[in-house]
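Beneath this line is the structure, given in structure tokens, with notes to follow.
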Amino acid sequence: MWIALHFWSALYLCCLVLAGYALLDWMAIGLTRVERFGLAIILGPGVFGFCLVMISMVGIPPARGEIILLGGVFAIVATLARIWRRRAEPIYLPPEKTPVWILLLCPIAIGYGLYAVGTDVLVFPTLEWDAFAIWQLKAKVLATAALYPRPAYFFDVRLSYSHLRYPLLWPMICAGIDAANQSLREGLGKLPAYLFYLGTGICIYGTVRRSRGRTAAIIAAGLVLTAPVVYRYGGSGTAEMALTAFFTASILCILRWQQAQRWGDLILCALFSAAMAWTKNEGQALALINGIVILVLSPRPLGRKNILAVLAFAAIVIVLFIPWLIFIHPLPRSDEDYANRLNPYEISTHLYRLPAIIRAMLTEVANVKDWGIFWILLAALAVLARGSSMSRTMRTLWVLLILQALVYIPPYMVANWDLDELLPATVDRLFMHMMPAAALLIGLLWPRPVLTVNAAAIE
Amino acid sequence: MRLPDSMSQRQASSNLKKYFPTVLGILVVVSMASLDYLDWRRRTSPGSEEYMKFIAAWDNEYLAVSRGKGVFLQFQNLKTNAYQETARVYFRGNFILYPLPVIAAPEGTRINRYDDLADQNMHFHPNGQWLAARGVGSILVIDGSHGYDNPVYMIPVPTTRPTTAVQ
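These protein sequence lines map, in sequence, to chains U and V. Going by our numbering, 237 is the number at position 246 of the first sequence; the sequence numbering is gapless. Convert by adding 3 to the 1-based position in the second sequence; the result is the number in our numbering.
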């Protein structure tokens, strides 16, 4: 029984990873093995979950046979990509001497994180309030009924606390586990979050490794993978880890687009942005920010190719998001309803909340219990690097970070919750979404060891 | 006189540049290790274990009471400071028993937070027919006057005659 349970769960996870490789091999070239793996384990659950949602929307709930069939289709797509796609030369990064103590101690610290989040997703039941009240409840709904016709759950305002109009990608990814096992198993649905946890760290490692070396890459990835907030939400079953991972991968694609303007990177970025929009309402704002950054910070922003790229990005995100808008159209607006409240009138009448929101955000930056030295380190490195010229990559990351912080303020202003209640419960999660850009900045600002520079000069 | 000072300053600056990444690296590794230790302590703390026991007790209670049918929750003698726990019990029940219903208010009642739930529930006493029509097989009474250590008792729902059993 136990073996069967884990066999089907493992098979489902393999299908998710396979889906990631299948699409990635068609679209991206010039990736290192590490970057390819990191992107694949984030892209796969997004694509597979989206397919399950679409199939459910035509009246077929997720089931084991469907998962095996989809896995088979992605296996064929991956094989075709291997056969037909011209493979670029493998990327070899220059060797670098990393201090032995970093190579020994950081993996131990990260190893604890792998253990902690691993036990959360695999061993413990769903304990976090939002996880069982919202996300994993939805996963059960999706595992037991198709989205067409819409299940009664979506109209039962007695369950309004579970936010009936919240996006469904993460719950559907979790529902896949139940479908693969053909039963509702409490706690097991959180398992795909582990892929997102790993993927986030690996993508950050890969990006920093390429431009700043291994030491900086280990430090940047380690800071993310061992942050207390990530321990809190990484394996809890909420959608925070999924959103953070999708955002990390989308940033990587934006940076690659800026460097080489390859269409594959732009399409991938759009896919990750659409996945963000399907994961949480905040993800819709983050997708918009990605679009703005591509428009403004690409080389030759007003060039024909860049304008086309922005239009293509917007078209992909909108087309993929439209089914969701159609689905939620008749659903009751009974929860916070941010979409209707975010208007100039509501914002201007709640301006008095602004100082409290800014104060809470600044307090969170210095909250060592939530973040260790993460944000303090970023501030210190930024101060040390002041005056030196800033690359396009650095500018992009700063703009992403600042826009993200700004975009989270208006919802707090119009929220129908008492701020004293709302801010302590949510501000750490919002900072978790801001983590990828900040971690990449830490990695890129990390001082190069003097010895390495000399060695490079000698070579 | 100033030359040696300047040289030693340059030397100090050079040393700082040389050792700065190492010092920073040590700081980060110590921070990571401390956070791991704090997380370990949090996970093994009595508070964390108590919370898990609380959740497990409620899960077991729901599964024992339900016996394949829905459950109606009836809160009694709630104190305002217990509202949050009340909501947790309601949310947890809906999660654990889904797709079976856990009902605490009439249809059309918006329950967004704990005060919605408590306000509605304490004035709502449906009869057995109403409950049976909605697939409810038992009433779970939660009495707030005894705290939440062992506040639950179960009343089987009579399906043939109306009842105001929950007092």
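Cβ coordinates follow ideal geometry from the N, Cα and C atoms, glycine included. All values reported here derive from a predicted model rather than from experimental measurement.
ask   = Going by the CB atoms, is the gap between U/I210 and U/L394 shorter than 8 angstroms?
value = Translated into the one-based positions of the first sequence, residue 394 of chain U becomes position 403. Translated into the one-based positions of the first sequence, residue 210 of chain U becomes position 219. Their beta carbons are not under 8 angstroms apart, which means U/L394 does not touch U/I210 by this criterion.
request  = Classify U/E327 as buried or exposed, calling it buried when 16 or more other Cβ atoms lie within 10 Å of its own Cβ.
outcome  = Here residue 327 of chain U refers to the residue found at position 336 of the first sequence. It counts as buried.
task = Counting only the same chain and skipping the five closest in sequence on each side, list residues whose C-beta sits under 8 angstroms from that of U/S0.
result = Here the question's residue 0 of chain U lines up with position 9 in the first sequence. Answer for U/S0: I168, A171, N172, L179, L182, listed in chain order.
ask   = Which residues bound the beta strand (DSSP E) around U/D147?
value = By one-based count along the first sequence, residue 147 of chain U stands at place 156. Unbroken run through U/D147: none, as it is neither H nor E.
Whole runs of the alpha helix (DSSP H) within the region 172 to 235 of chain U, excluding any shorter than 4 residues = 184 to 203, 205 to 216, 219 to 225
ask   = Hey, V/G111 and U/V68 are a contact pair by Cβ (cut 8 angstroms); roughly how many whole angstroms apart?
value = Taking the first residue of the second sequence as position 1, residue 111 of chain V is located at position 108. Taking the first residue of the first sequence as position 1, residue 68 of chain U is located at position 77. Not quite, the Cβ-Cβ distance comes to about 47 angstroms (not below 8 angstroms), so this is no contact.
task = Output the boundary residues of the beta strand (DSSP E) element that contains V/Q79.
result = On the second sequence, residue 79 of chain V is found 76 positions in, with the first residue counted as 1. Unbroken beta strand (DSSP E) run through V/Q79: 73 to 79.
query = Which bits of chain U does V/V27 rub up against, with CB to CB less than 9 angstroms?
reply = As a first step, residue 27 of chain V must be located in the second sequence, where it is residue number 24. Val is not the amino acid found at residue 27 of chain V; the sequence shown has Leu there. I210, L368, A371, L372, W437, P438, listed in chain order.
message = Counting only beta-carbon separations shorter than 8 angstroms, does U/I46 have a partner in chain V?
response = Residue 46 of chain U sits at position 55 when you count from the first residue of the first sequence. Output row for U/I46: interface = no.
task = Could you tell me which uninterrupted alpha helix (DSSP H) segments, each at least 4 residues in length, are contained entirely in the region 296 to 383 of chain U, listed from first to last along the chain?
result = 329 to 332, 335 to 340, 345 to 356, 359 to 362, 365 to 375
message = If we define contact as Cβ-Cβ less than 8 angstroms, is U/L(-4) a contact residue for chain V?
response = For the purposes of this step, residue -4 of chain U is taken as the residue at position 5 of the first sequence. Closer than 8 angstroms: no.
message = Against U/A107, what residues of chain V qualify as contacts under a CB-to-CB distance less than 9 angstroms, listed in chain order?
response = Working through the first sequence from its first residue, we reach residue 107 of chain U at position 116. Residues of chain V passing the Cβ test: D39, D42, W43, R46.
task = Please compile the residues from chain U whose C-beta is within a distance smaller than 8 angstroms of the C-beta of V/Y240.
result = The structure shown has nothing for residue 240 of chain V, since chain V only spans 4 to 170.
key: Contact with chain U by V/Y54, beta-carbon distance below 8 angstroms   = On the second sequence, position 51 is the one that residue 54 of chain V refers to. Cβ-Cβ to chain U under 8 angstroms: yes for V/Y54.
query = What residues from chain U crowd round V/F173, counting only those whose CB sits closer than 7 angstroms?
reply = No statement about residue 173 of chain V is possible, as the shown extent of chain V runs from 4 to 170 and does not include it.
inquiry  = With a threshold of 8 angstroms between beta-carbons, can U/T23 be considered close to chain V, or not?
reply    = Residue 23 of chain U sits at position 32 when you count from the first residue of the first sequence. Not an interface residue.
inquiry  = If I follow the unbroken alpha helix (DSSP H) through U/L60, where does it start and stop?
reply    = Mapped onto the first sequence, residue 60 of chain U falls at position 69. Taken as a continuous stretch (DSSP letters only), the alpha helix (DSSP H) holding U/L60 covers 55 to 75.
task = Go to V/S141, then tell me how far its beta strand (DSSP E) extends in each direction, as first and last residue.
result = Residue 141 of chain V sits at position 138 when you count from the first residue of the second sequence. Segment 139 to 146, the beta strand (DSSP E) holding V/S141.
query = Do U/P314 and U/M48 have their C-beta atoms closer together than 8 angstroms?
reply = For the purposes of this step, residue 314 of chain U is identified with residue 323 of the first sequence, where counting begins at 1. For the purposes of this step, residue 48 of chain U is identified with residue 57 of the first sequence, where counting begins at 1. Against a cut-off of 8 angstroms, the Cβ pair of U/M48 and U/P314 comes out as a contact.
inquiry  = Short of 9 angstroms Cβ to Cβ, which residues in the region 82 to 99 of chain U face chain V?
reply    = P90, W92, I93, L96, C97, I99
ask   = When the distance is taken between beta carbons, is U/L160 closer than 8 angstroms to U/G35?
value = Residue mapping note: residue 35 of chain U aligns to position 44 of the first sequence, counting from 1. Residue mapping note: residue 160 of chain U aligns to position 169 of the first sequence, counting from 1. In this structure, U/L160 does not lie closer than 8 angstroms to U/G35 by Cβ.
request  = Quick one: using the 10 Å Cβ neighbour count with 16 as the cut-off for buried, is U/C6 buried or exposed?
outcome  = If you number the first sequence from 1, residue 6 of chain U lands on position 15. That one is buried.
query = Helix, strand or coil for V/V68 per DSSP?
reply = Taking the second sequence and counting its residues from 1, one reaches residue 68 of chain V at position 65. In this structure, V/V68 counts as helix in the three-state DSSP scheme.
query = Given that U/G364 touches chain V, what residues does it touch there, using C-beta distances under 8 angstroms?
reply = Here residue 364 of chain U refers to the residue found at position 373 of the first sequence. Here residue 364 of chain U is Ile; the residue named in the question, Gly, does not match the sequence. Per Cβ cutoff of 8 angstroms: L30, V31, S34.
request  = Flag this pair as yes or no: are the beta carbons of U/L286 and U/F238 separated by less than 8 angstroms?
outcome  = As a first step, residue 286 of chain U is located in the first sequence; it is residue number 295 there, counting from the start. As a first step, residue 238 of chain U is located in the first sequence; it is residue number 247 there, counting from the start. In this structure, U/F238 does not lie closer than 8 angstroms to U/L286 by Cβ.
key: Short-range partners of chain V found in the region 214 to 243 of chain U, where Cβ spacing is below 8 angstroms   = L214, T217, A218, P219, Y222
query = Looking only at its own chain, which residues have a Cβ that is under 6 angstroms from the Cβ of U/I307, when we skip the five neighbours before and after it?
reply = Translated into the one-based positions of the first sequence, residue 307 of chain U becomes position 316. Excluding residues within five positions, the ones whose Cβ falls inside 6 angstroms are A261.
ask   = Hey, out of U/L94, U/N331, U/V91, U/A207, whose CA is closest to U/I433's CA?
value = As a position in the first sequence, residue 433 of chain U is number 442, starting the count at 1. Nearest of U/L94, U/N331, U/V91, U/A207 to U/I433, Cα basis: U/A207.
task = Give the DSSP bridge partners of V/V105, in chain order.
result = As a first step, residue 105 of chain V must be located in the second sequence, where it is residue number 102. DSSP output for V/V105 lists V/V74 as bridge partner(s).
ask   = Taking any Cβ of chain U, which residues in the region 64 to 93 of chain V have a Cβ under 8 angstroms from it, in chain order?
value = A90, R91
task = Could you pull the start and end residues of the alpha helix (DSSP H) that U/R24 belongs to?
result = For this step, residue 24 of chain U is matched to residue 33 along the first sequence. Its alpha helix (DSSP H) spans residues 24 to 48.
request  = Find out if the Cβ-Cβ distance for the pair V/I145, V/Q87 is shorter than 8 angstroms.
outcome  = Along the second sequence, one-based indexing puts residue 145 of chain V at 142. Along the second sequence, one-based indexing puts residue 87 of chain V at 84. No; because the gap between Cβ atoms is not below 8 angstroms, this pair is not in contact.
message = Is the separation between the beta-carbon of U/G226 and that of U/Y188 shorter than 8 angstroms?
response = Indexing the first sequence from 1 puts residue 226 of chain U at position 235. Indexing the first sequence from 1 puts residue 188 of chain U at position 197. Yes, they are a contact pair.
task = Kindly indicate which three-state DSSP category U/P140 falls into: helix, strand or coil?
result = Residue 140 of chain U sits at position 149 when you count from the first residue of the first sequence. Coil at U/P140, not helix or strand.
inquiry  = Does chain U have any CB closer than 8 angstroms to the CB of V/N124?
reply    = Locating residue 124 of chain V in the second sequence gives position 121, counting from the first residue. Answer no: the Cβ-Cβ gap between V/N124 and chain U never drops below 8 angstroms.
inquiry  = Just to confirm my understanding: we take U/Q249, look at its own chain, exclude 5 residues before and 5 after, and list those with CB closer than 8 angstroms. What are they?
reply    = As a position in the first sequence, residue 249 of chain U is number 258, starting the count at 1. For U/Q249, where only same-chain residues beyond five positions count, the Cβ hits under 8 angstroms are L288, S289, P290, R383, T384, T387.
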